[in-house]
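*Asks:* I am attaching a structure below and will ask some questions about it afterwards.
Protein chains: 2
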Amino acid sequence: MILHERSVSGNCYKVRLLLSHLGLRYERRELTAASRQERSAVLGDLSPSLRVPTLVLDDGRALAESNAILWYLGEGTKYVPADRFARAQMLQWQFFEQYDHEPYIAVARHWLRYRGTPVDPAALAERQEKGYLALEAMERHLEKHRYFPREHYSLADISLYGYTHAAREGGFDLDRYPALLAWLERVKGEPGHVPLSA
Amino acid sequence: MILHERSVSGNCYKVRLLLSHLGLRYERRELTAASRQERSAVLGDLSPSLRVPTLVLDDGRALAESNAILWYLGEGTKYVPADRFARAQMLQWQFFEQYDHEPYIAVARHWLRYRGTPVDPAALAERQEKGYLALEAMERHLEKHRYFPREHYSLADISLYGYTHAAREGGFDLDRYPALLAWLERVKGEPGHVPLSA
């Protein structure tokens, strides 16, 4: 398998983290293309949004969207619950991650750490305000449960860990959230865990 | 089952559309709460993002996020492919819908049709530009395939139809996309189809 990725991306890290848990071998290919036109040349037939991560299987079939890739790799393993309702709850948190978490926490991190141009303070404040709402929702859940969606580590934990563990780079104060901090440590202790920088 | 919803929302319509295909009975409950505090009073224990649609099952368990609700209701029916890769492809398009389509097409529609306050032309133009990229990605796919992810109507079609069929209300010119227009008609012809206004 070939993983088209940007190594600093939390979305790409999610896929590497599951691949490590599962002990699967793959080739990493860094996307250096910047413009939409350049990305189209590399990913045009592989990803509708021309984004990474994109996984190309050995038979040439391709899959985009980090959480869909996780599903493909994870289905049938212990990282996907056996119960139908629990599977839907897991997906609930993965859709939450892409809609209410990533657009604020990942974007604030990108602006502050990787973009290299001055950041508009009002725009950053807006992203951070919404990002805190996502962290608060996670904290409320983690006050009652060890993992997402319930008591066992699943794909939803991997999806949420991708950018939450790096949220300080986006200016977020994680010390407000003790249950979340304890969850970050539990995730790090899962067999096969690797850091984003691995 | 109780569906907490806003009847004009395309995200809520997705759930009603699948419930109609499946012939399932449920009670509709319109969310009239406007502020976050009011929404918290209704949805606080049910939806991490305090948003609709939120489905409450007969035993009281709740599920949020339109596409996760679709998954729960659809798993085991003909609306979810049997093949593991096809299931992941279906999810790919559903995550695409929530990340690259809904934030632009649904938001432009909301601003122009439902918000009732003046629209910032530059902000609208930016949403429309990105919305057109999503429509173009759909058109490229539909030039080769009848449905999403391939040749059979699935949850991904329901997810994408929710706001695409109403995109003109967001100022989008759909006549640029003949394959997409033909797909809209095919979806309308599926047994049990109901319009958003039903």
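So the protein sequences, as listed, match chains A and B.
Be aware that the first sequence starts at 310, since it is given in the working numbering, and climbs by one per residue.
Be aware that the second sequence starts at 310, since it is given in the working numbering, and climbs by one per residue.
Ideal Cβ placement from N, Cα and C applies to all residues, glycine included.
Note that this is a predicted model, so its numbers are computed, not measured.
1. Going residue by residue through the stretch 447 to 486 of chain B, where are the continuous alpha helix (DSSP H) segments of at least 4 residues, counting only ones entirely within it?
2. Looking at B:Leu505: is its Cβ nearer than 8 angstroms to the Cβ of B:Gly319?
3. Could you tell me whether the Cβ of A:Pro362 comes closer than 8 angstroms to any Cβ of chain B?
4. Could you give the distance in angstroms between the alpha-carbon of A:Arg360 and the alpha-carbon of A:Arg348?
5. Of all the residues that make up the stretch 447 to 461 of chain B, which are near chain A by a beta-carbon distance shorter than 7 angstroms?
6. What residues from chain A crowd round B:Ala397, counting only those whose CB sits closer than 8 angstroms?
7. Assess contact between the stretch 399 to 415 of chain A and the stretch 443 to 462 of chain A, defined as three or more Cβ pairs (one per stretch) separated by less than 8 angstroms. Is contact present?
8. Looking only at its own chain, which residues have a Cβ that is under 8 angstroms from the Cβ of A:Asp484, when we skip the five neighbours before and after it?
9. Within a Cβ cutoff of 8 angstroms, which residues of the same chain sit near A:Asp354, ignoring the five residues on either side of it in sequence?
10. Check the Cβ-Cβ distances between B:Arg495 and every residue of chain A, and say whether any is below 8 angstroms.
11. Could you tell me the boundaries of the beta strand (DSSP E) in which B:Glu314 lies?
12. Answer with buried or exposed for A:Glu406, where buried requires no fewer than 16 other C-beta atoms within 10 angstroms of its C-beta.
13. Please confirm whether A:Pro508 has its beta-carbon closer than 8 angstroms to some beta-carbon of chain B.
14. So, helix, strand or coil for A:Leu331, using DSSP?
15. For B:Arg393, which residues in chain A fall below 8 angstroms Cβ to Cβ?
16. From the DSSP output, in three-state form, read off B:Val361 for me.
17. Could you give the distance in angstroms between the alpha-carbon of B:Leu312 and the alpha-carbon of A:Tyr335?
*Replies:* Looking at the atomic coordinates:
1. 464 to 473
2. Stepping through the second sequence from its first residue, residue 505 of chain B is reached at position 196. Stepping through the second sequence from its first residue, residue 319 of chain B is reached at position 10. Yes, they are a contact pair.
3. As a working mapping, residue 362 of chain A is identified with position 53 in the first sequence. No, no contact with chain B.
4. If you number the first sequence from 1, residue 360 of chain A lands on position 51. If you number the first sequence from 1, residue 348 of chain A lands on position 39. Distance between the alpha carbons of A:Arg360 and A:Arg348 is about 8 angstroms.
5. His450
6. Mapped onto the second sequence, residue 397 of chain B falls at position 88. Simply Leu372, Ala377, Ile378, Trp380, Tyr381, Glu384.
7. yes
8. Taking the first sequence and counting its residues from 1, the one referred to as residue 484 of chain A is at position 175. Taken in chain order, the residues that qualify are Leu490.
9. Counting from one through the first sequence, the residue named residue 354 of chain A turns up at place 45. Contacts found: Ala371.
10. As a first step, residue 495 of chain B is located in the second sequence; it is residue number 186 there, counting from the start. Chain A, which has no Cβ nearer than 8 angstroms to the Cβ of B:Arg495, makes this no.
11. Residue 314 of chain B sits at position 5 when you count from the first residue of the second sequence. That run of the beta strand (DSSP E) goes 311 to 314.
12. The residue given as residue 406 of chain A occupies position 97 in the first sequence. Buried, by the Cβ-count rule.
13. Examination of residue 508 of chain A is not possible in this model, given that chain A is present from 310 through 507 alone.
14. For the purposes of this step, residue 331 of chain A is taken as residue 22 along the first sequence, with counting starting at 1. Residue state, collapsed to three classes: helix.
15. As a working note, residue 393 of chain B is residue 84 in the second sequence. Ordered by position in chain A, the residues that pass the 8 angstroms Cβ test against B:Arg393 are Tyr381, Glu384, Gly385.
16. To locate residue 361 of chain B, count along the second sequence from 1; it is residue 52. Looking at B:Val361 - three-state DSSP - the assignment turns out to be coil, as it is neither helix nor strand.
17. As a position in the second sequence, residue 312 of chain B is number 3, starting the count at 1. As a position in the first sequence, residue 335 of chain A is number 26, starting the count at 1. For B:Leu312 and A:Tyr335, the distance between alpha carbons rounds to 43 angstroms.
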